[in-house]
Amino acid sequence: MAKHDYDLFVIGAGSGGVRAGRIAAGYGAKVAIAEEYRVGGTCVIRGCVPKKLLVYASRFADDFEDARGFGWSVSEPSFDWPTLVAAKDKEIARLEAAYGTALGKAGVEIVQERATVVGPNSVQLAKSGSTITAGKILIATGGTPWLAEPRPGLEHVITSNEAFDLPRLPERIIVAGGGYIAMEFAGIFSKLGVETTIVYRGDKILRGFDEDLRDHLTEAYVKQGIRIVTGHIFTRIEKTGAGLVGHLSNGTSLTADQIMFAIGRTPNTAGLGLDNVGVELGWNGHVVVNEYSKSSVDSIFAVGDVTDRTALTPVAIREGHAFADTEFGGKPRMIEHMLIPTAVFSTPEVSSIGLPEHMARERCSKLDIYKAAFRPMKATLSGRDERMFMKLIVDGESGKVVGCHVLGEDAAEIIQMAAIALRLGATKADFDATMALHPTSAEELVTMREKWIAPTEAAC
Ligand SMILES: Cc1cc2nc3c(=O)[nH]c(=O)nc-3n(C[C@H](O)[C@H](O)[C@H](O)COP(=O)(O)OP(=O)(O)OC[C@H]3O[C@@H](n4cnc5c(N)ncnc54)[C@H](O)[C@@H]3O)c2cc1C
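In terms of my numbering, the sequence shown opens at residue 2 and continues consecutively.
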């Protein structure tokens, strides 16, 4: 008789958990996966996928305008938010079903309820109350929007979870936060015609990104009419007849129909029972794991956002896959958490691979910087006042490109390809030797010849 009910019990059917479960089952393991909400997890249900669909929707606003410059006459376009939400929901439901089918085909049993850990090899199901044992438990519970410390009126704000399904498009929105989710939603709402304000506690949006990208996006957003208030937080929110009034730490206030908090996410371990079984948790409740995603308890593992390594879907998927290969496939494998391409699907889009300049300066004794800011070809006839920006950061000693940053149309698509080059250790000479593909914006990356000289250096 088998010692446990399952070889592997996965908690959380998101990016990491689904991949781990499917691969482990493929190696012959008996696997079950518990999901308390919807199969697919954050990325599919209320993250990357619906977000990108809304981004596409928002960008049509510019396309209709730009078309005129190319000879098209377009009657006044109109937009219907409920139609978009319904279409988005249909696609999400399709993907959710596809995830369920894929798990079923792989032989993974789906348990549609909340699970908590009650022992090193046992979990309890919330609805049925039954206890299940497993040789290994994988925590893949992801993250959840963080609302910071309690303050009056917080019950009136929404997070990204609710923003996807608003019954109607607000006329005015305030997005609190300076990270990628805040920037993306501000861009979506603004392009859909919503009067948009960003409130951020720091001095400049997109902390951690290259300074040039931060400056260029700030400039582009301000030019589009997005108001950016920095250096302040909301101290309280009040619901009035005129809308939601957000009181700021400088004593002023802002009024809007919706206030969205996108000020960070926190690992989903509350009430999961991990502390009861001795699993070490980090400063914000994340599961502390080693390079093979093993926790401080031998039979308990964790992958994805709940480990607070790099909170991105492809990373969660890779971690889940590597865990299954290691524990069930006899192929020990760890994931390198470096050279991870990232994007902000703002409009204009921002994307990066490698080091931002401030970090490269700490690591390289000599740097060569190349920058290009130009009007993309499409803007010549559309008349749109937009700039594309590209930056290469080169280690002055080895000649290796250590950072590549792009702002503008298709930035993320360009960076995905540049990521291969950086991974292979491409030098600036390799970029230069690569034939340009004309006419494109990306060709600028292989035709930049002039080193950028900082104004202070130039003056010396
Ligand atoms: C608005 C937004 C936009 C994003 N955009 C991008 C993007 O463009 N690109 C990108 O790479 N990443 C993006 N992300 C991040 C990405 O969604 C996450 O990194 C990814 O989903 C993490 O996968 P995961 O497997 O760790 O967890 P999740 O996908 O979050 O899955 C965890 C699952 O566990 C379930 N669960 C939790 N607790 C329990 C329990 N006790 N019992 C049963 N089930 C439980 C949850 O319901 C959830 O379905 C975005 C995130 C958000 C919020």
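Heads up, the beta-carbon is just placed ideally off N, CA and C, and yes, glycines get one too.
**Prompt:** Is I182 near ligand 1, in the sense that its beta carbon is under 7 Å from a heavy atom of that ligand?
**Reply:** yes
**Asked** So, are the CB atoms of G13 and A141 less than 8 Å apart?
**Response** yes
**Asked** Cβ of A361 within 8 Å of Cβ of E445?
**Response** no
**Prompt:** In terms of alpha-carbon separation, which member of R39, P268, V402, S347 lies closest to S191?
**Reply:** S347
**Item:** Residues bridged to G541 [DSSP beta-bridge criterion]
**Value:** It is not possible to answer for residue 541, since the shown part of the chain is limited to 2 through 461.
**Item:** C44, enclosing alpha helix (DSSP H) - first and last residue
**Value:** 42-47
**Request:** Tell me whether C461 sits in a helix, a strand or coil according to DSSP, three-state version.
**Result:** Since pLDDT at C461 reaches only 42, below the 50 mark, its modelled position is unreliable, and the value read off the structure follows with that caveat. In this structure, C461 counts as coil in the three-state DSSP scheme.
**Request:** Output yes or no for whether 8 Å exceeds the beta carbon distance between R237 and R152.
**Result:** yes
**Request:** Whole angstroms is fine: what's the gap from S296's alpha carbon to A30's?
**Result:** 20 Å
**Message:** What does the Cβ neighbour count give for N122, buried or exposed, with the cut at 16 atoms within 10 Å?
**Reply:** buried
**Prompt:** Do you know whose CA, among E328, L207, E350, A303, lies nearest I189's CA?
**Reply:** E350
**Message:** Does the contact criterion of 3 or more C-beta pairs under 8 Å hold for the segment 13-28 versus the segment 37-46?
**Reply:** yes
**Item:** Separation of G252 from R47, as counted between CA atoms
**Value:** 34 Å
**Item:** Span separating the alpha-carbon of I341 from that of M335
**Value:** 15 Å
**Prompt:** Under 8 Å between C-beta atoms, does S59 make it to chain D?
**Reply:** No chain D appears in the structure shown, which is made up of a single protein chain.
**Asked** Does the distance from the CB of R202 to the CB of G232 come in under 8 Å?
**Response** yes
**Prompt:** When the Cα atoms are used, what is the spatial distance from L368 to K240?
**Reply:** 52 Å
**Prompt:** Ends of the beta strand (DSSP E) at R173?
**Reply:** 173-177
**Prompt:** Of the residues A99, G120, K137, which one's Cα is nearest the Cα of L9?
**Reply:** K137
**Item:** Spatially closest choice to Y57 from N285, F186, G330, by CA coordinates
**Value:** F186
**C-beta contact flag for L193 and S76 at 8 Å** = no
**Element boundaries [alpha helix (DSSP H), containing R424]** = 412-424
**Message:** Quick check on E387: buried or exposed, where buried means 16 or more other Cβ atoms within 10 Å of its Cβ?
**Reply:** buried
**Message:** On the DSSP letters alone, give me the boundaries of the alpha helix (DSSP H) that F1 sits inside.
**Reply:** A question about residue 1 goes unanswered here, because the residues of the chain that appear run from 2 up to 461.
**Request:** Return the chain-ordered ranges of every beta strand (DSSP E) run that is complete within the segment 325-404 and spans a minimum of 3 residues.
**Result:** 343-345, 351-355, 368-375, 389-396
**Request:** Please list, in chain order, all residues of the same chain as A459 whose beta carbon is under 6 Å from its beta carbon, the five residues on each side excluded.
**Result:** Because the pLDDT at A459 is just 49, under 50, the model does not fix this residue reliably, and the value given afterwards should be weighed accordingly. Cβ neighbours of A459 beyond the five flanking positions: none.
**Message:** Taking 7 Å as the cut-off, is the beta-carbon of S297 closer than that to any non-hydrogen atom of ligand 3?
**Reply:** Absence of ligand 3 from the depicted structure is noted, with ligand 1 being the only ligands included.
**Prompt:** When you compare each of R69, I34, G143, E196 to A116 by their alpha carbons, which one comes out closest?
**Reply:** I34
**Counterpart residues of E7 in DSSP-defined beta bridges** = Glu is not the amino acid found at residue 7; the sequence shown has Tyr there. DSSP output for Y7 lists A135 as bridge partner(s).
**Prompt:** Does the beta-carbon of V280 have 16 or more other beta-carbons within 10 angstroms, so that it is buried, or is it exposed?
**Reply:** buried
**Asked** Just to confirm, are A420 and A344 a CB contact at a threshold of 8 Å?
**Response** no
**Message:** Per the DSSP calculation, G409 is bridged to which residue(s)?
**Reply:** Answer by DSSP bridge pairing: none, since G409 is not bridged.
**Item:** N-terminal and C-terminal residue of the alpha helix (DSSP H) that T84 is part of
**Value:** 82-107
**Item:** Where F262 falls: helix, strand or coil (DSSP)
**Value:** strand
**Asked** Is G321 helix, strand or coil by DSSP?
**Response** helix
**Message:** Quick check: the Cα distance between R364 and A221, rounded to an integer number of angstroms?
**Reply:** 30 Å
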